[in-house]
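Student:
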Amino acid sequence: MSDLNSAMIEKYRTSFLKEVEANVEEGEWVKMCMQCGVCSGSCPLGKFWDHPPQEIFMMIRAGKREEVLTSDAMWMCTSCYNCIVRCPRGLPITHIMHGLAHYAKRLGIAPQNQPTAKFAQLMWDNLMKKGRVNELKLGLSLYFMNGFGEGVKTALKMKDIGLGMLKTGRMSPMEMLGGHGVKDLGGFHKAIKKAQELEDARIAKHGK
Amino acid sequence: MAKREYSFYPGCSSQKGASSSNYLVSVQTMCEELDIQLNEIPDWNCCSASIGYAGGGELPRLVLSGRNIALSEQHNPGQEIVATCAACWLATREAQERFQHDQGLLAEANTALAEAGLKLKNDTPIKHMAEVLVEDVGYDAIKAKVKKPLEGIKIAGYVGCQTNRPFGIAGESFENPVYLDKLVDTLGADSIPTYEKKVQCCGGALAFSEPAKSQEMIKGIIEAAYDHGADMIVTPCPVCQMNVEVYQDQINATYGTKFKMPVVYYSTLMSVAFGRSAKEAALNGQVIPAKKLEEIAAK
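Chains as they are written, first to last, in the numbering used here: chain A, -16 to 191; chain B, 47 to 345.
1. Count Cβ pairs between the stretch 200 to 207 of chain B and the stretch 234 to 253 of chain B that sit closer than 8 Å; are there 3 or more?
2. Following the continuous beta strand (DSSP E) through B:Phe54, name the residue where it begins and the one where it ends.
3. According to a CB-to-CB cut-off of less than 8 Å, which residues of the stretch 74 to 105 of chain B neighbour chain A?
4. Using DSSP with H/G/I as helix, E/B as strand and the rest coil, what is B:His174?
5. Can you name the start and end residues of the alpha helix (DSSP H) that B:Gln149 belongs to?
6. To the nearest angstrom, how far is it from the Cα of B:Glu78 to the Cα of A:Leu121?
7. Output needed in chain order: residues of the stretch 301 to 318 of chain B with a Cβ under 9 Å from some Cβ in chain A.
8. Under 7 Å between beta-carbons, which chain B residues line up against A:Gln179? List them in chain order, please.
9. Can you say whether A:His85 is buried or exposed, counting buried as having 16 or more other CB atoms within 10 angstroms of its CB?
10. Rounded to whole angstroms, what is the Cα-Cα separation between A:Asp33 and B:Leu84?
11. Taking only runs that begin and end inside the stretch 214 to 248 of chain B, name each unbroken alpha helix (DSSP H) of 4 or more residues, in chain order.
12. Name, in chain order, the residues that DSSP records as bridge partners for B:Thr281.
13. In the DSSP output, what is A:Ile186 paired with across the bridge?
14. Could you tell me if B:Gly150 is buried or exposed, where buried requires 16 or more neighbouring beta carbons within 10 angstroms of its beta carbon?
15. How long is the line joining the alpha carbons of B:Pro56 and A:Leu119, rounded to whole angstroms?
16. Could you tell me whether the Cβ of A:Ile(-8) comes closer than 7 Å to any Cβ of chain B?
17. Output the distance between the C-alpha atoms of B:Glu218 and A:Lys(-6), rounded to the nearest integer angstrom.
18. Three-state secondary structure (DSSP) at B:Ile199?
19. Quick one: what's B:Glu86 bridged to in DSSP?
20. Mark B:Thr75 as exposed unless 16 or more other C-beta atoms lie within 10 angstroms of its C-beta, in which case mark it buried.
21. Could you tell me the alpha carbon to alpha carbon distance between A:Cys60 and A:Thr77, rounded to whole angstroms?
22. Does the beta carbon of A:Val7 come closer than 7 Å to any beta carbon on chain B?
23. Does the distance from the C-beta atom of B:Gly321 to that of B:Lys194 stay below 7 Å?
24. Between the stretch 97 to 110 of chain B and the stretch 118 to 135 of chain B, do at least 3 Cβ pairs fall closer than 8 Å?
25. What's the call for A:Met159, buried or exposed, on a 16-neighbour Cβ count within 10 Å?
26. Going by C-alpha distance, which of A:Lys1, A:Ile175, A:Leu(-13), A:Gly162 is nearest B:Glu161?
27. Evaluate the contact criterion for the stretch 109 to 116 of chain B versus the stretch 135 to 142 of chain B: three or more CB pairs, one atom per stretch, below 8 Å.
28. Would you list, in sequence order, the uninterrupted alpha helix (DSSP H) runs of no fewer than 4 residues that lie entirely inside the stretch 23 to 92 of chain A?
29. Identify whether A:Val116 lies in helix, strand or coil by the three-state DSSP scheme.
30. Residues of chain A with CB under 8 Å from B:Ser118, in chain order?
31. With a threshold of 7 Å on Cβ separation, who are the neighbours of A:Lys55 within its own chain once the five nearest residues in sequence on each side are excluded?
32. For B:Gly275, would you say it is in contact with chain A, using Cβ-to-Cβ distances shorter than 7 Å as the test?
33. Taking Cβ positions only, does A:Thr53 come closer than 7 Å to chain B?
34. To the nearest angstrom, report how far apart A:Val13 and A:Gly134 are at their CA atoms.
35. Near A:Cys70, what residues of its chain come up, given a Cβ to Cβ distance below 7 Å and the 5 sequence neighbours on each side ignored?
36. What's the C-alpha gap between B:Leu226 and A:Ala(-10)?
Given below as structure tokens:
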């Protein structure tokens, strides 16, 4: 268990809702949920969620901290925004799901080997290198994210799709060598680093 | 001088050798015909799309878009920002709204951006290209440019998620948007207003991490187009285009279907209808060729 996770448990012992309100993106909206279930019924991957959004909101209020944060559920969000536009009380549900997923990851208790959690981190690391996504390298890192053996199998399975993209000029082997990026990479990195420091400091302060 | 000028955010997938480079080619052709000048935001960066939250959290993710808006304000002052990618548009507009509602967050973003010598005013309107076409240019002006009507082609308008929600196009409904159908009709093709999968999710980025779950949804999108007798699907989103086009062989292998449905961009349709060549319409970027459009372009 991470130090930050222990500190947060200690600090918010009596209210997981307060912890979410203070530390999760758009978390202050959770208490507005009226439990109608429209979000759950509107979710395209809803049938795969351990706990659909409506349930997650009630679990937060019921203090089910570990069940919520270690859940696979939020990582199933496709960012389709159906729930947001349909919520009668205007909760930014998509953002709250993203926020909960990120917070669980920050505390080190997000589910291990969750494919979208892994892929999303690969994508962030990829874009951080040069300021723009390198699709070829991201695709290859995705294939190999579960080890070399499985990577070779996936790469073979995806071979025809790759060839199709190559033939139509929508994939380029040149991306392996350098590839696209921003020119002011120094400034880009400094700005993002500063943003990370500001956010880390804000949340660390809450844990005290 | 061009009639309309915008500050343009093309996005990662539109770059040379990337998955929607064909989209950019057809957009450039379409804009030439409509007298629209796109001034690229110098040194723009990735917006981190819809899955940036995992690694990025809130502020670092929003600062990505903040940097793009700040660069646009500095280099293309007074010009509205236009994005062609749904995720680019959504992320940029979302960042702008969040900064407008939370001055503390805006102050933090400016502290971060100062490290790169940038200042974010955050008052530039941010549009999707579809808004430019529908609201700024208008159907009549588009119709006036049609030289080769797309007669006899039946096209399912697949709007998808992020061009439609949570912002969408002014005056359109989230559940049953009709602008893409109107555009199809304007170009002389036959729209399918009752195409029930028009706003169904294709899985987005989860097509990579959860392929089976996403392909099940993609199958429904293509199947419904066939059920309506569609010759092709049109979409305004690069992720929708790729997801619905390139996995058809895998879906056929899994489900025993025989899909071979072309999926094109609105800008491809427009470039062909405006009388431009197959190459200028980027028809060579189709993994599944759009033969009916090739025939019209060759006439």
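We treat Cβ as the ideally placed atom computed from N, Cα and C, and that holds for glycine.
Keep in mind the model is a prediction, meaning the values are calculated, not measured.
Tutor: According to the data block:
1. With a cut-off of 8 Å, the stretch 234 to 253 of chain B and the stretch 200 to 207 of chain B count as touching, because enough Cβ pairs lie within range.
2. Taken as a continuous stretch (DSSP letters only), the beta strand (DSSP E) holding B:Phe54 covers 50 to 55.
3. Answer in chain order: Asp89, Trp90, Asn91, Cys92, Ser94, Ala95, Ser96, Ile97, Gly98, Tyr99, Ala100, Gly101, Gly102, Gly103, Glu104, Leu105.
4. It is a strand residue.
5. 149 to 160 is the span of the alpha helix (DSSP H), which, as asked, contains B:Gln149.
6. The straight-line gap from Cα to Cα measures roughly 33 Å.
7. From the stretch 301 to 318 of chain B, no residue has a Cβ closer than 9 Å to chain A.
8. Chain B residues near A:Gln179: Pro106.
9. Buried, because 16 or more other Cβ atoms sit within 10 Å of the Cβ of A:His85.
10. In this structure, the CA atom of A:Asp33 is about 45 Å from the CA atom of B:Leu84.
11. Listed in chain order, the alpha helix (DSSP H) elements of length 4 or more contained wholly in the stretch 214 to 248 of chain B are 225 to 232.
12. The bridge partners DSSP lists for B:Thr281 are B:Tyr311.
13. Note: A:Ile186 sits in no beta bridge, so no partner.
14. So B:Gly150 counts as exposed.
15. When only Cα atoms are considered, B:Pro56 and A:Leu119 end up about 18 Å apart.
16. No, no contact with chain B.
17. Roughly 46 Å between the two C-alpha positions.
18. Correct three-state label for B:Ile199: coil.
19. B:Glu86 pairs with B:Phe54.
20. By the 10 Å Cβ count, B:Thr75 comes out buried.
21. If you draw a straight line from the Cα of A:Cys60 to the Cα of A:Thr77, it comes to about 7 Å.
22. No, its Cβ sits nowhere closer than 7 Å to a Cβ of chain B.
23. It is a contact, given that the beta carbons lie within the stated cut-off.
24. No, the stretch 97 to 110 of chain B does not touch the stretch 118 to 135 of chain B.
25. Label assigned to A:Met159: exposed.
26. The candidate whose alpha carbon is nearest that of B:Glu161 is A:Ile175.
27. The stretch 109 to 116 of chain B makes contact with the stretch 135 to 142 of chain B; the number of CB pairs closer than 8 Å reaches 3 or more.
28. The qualifying runs are 36 to 44, 48 to 52, 65 to 69, 76 to 89.
29. A:Val116: coil per DSSP, three-state reduction.
30. Using a Cβ-Cβ cut-off of 8 Å, B:Ser118 is close to nothing in chain A; its nearest Cβ partner there is about 14 Å away.
31. The residue asked about is misnamed: residue 55 of chain A is Asp in this sequence, not Lys. These residues qualify, in order along the chain: Asp33, Pro94, Gln97.
32. Chain A contact via Cβ: absent.
33. So no, A:Thr53 is outside the interface.
34. Straight-line measurement puts the Cα of A:Gly134 at about 40 Å from the Cα of A:Val13.
35. Answer for A:Cys70: Val21, Cys22, Ile76, listed in chain order.
36. Taking the CA atoms as reference points, B:Leu226 sits about 52 Å from A:Ala(-10).
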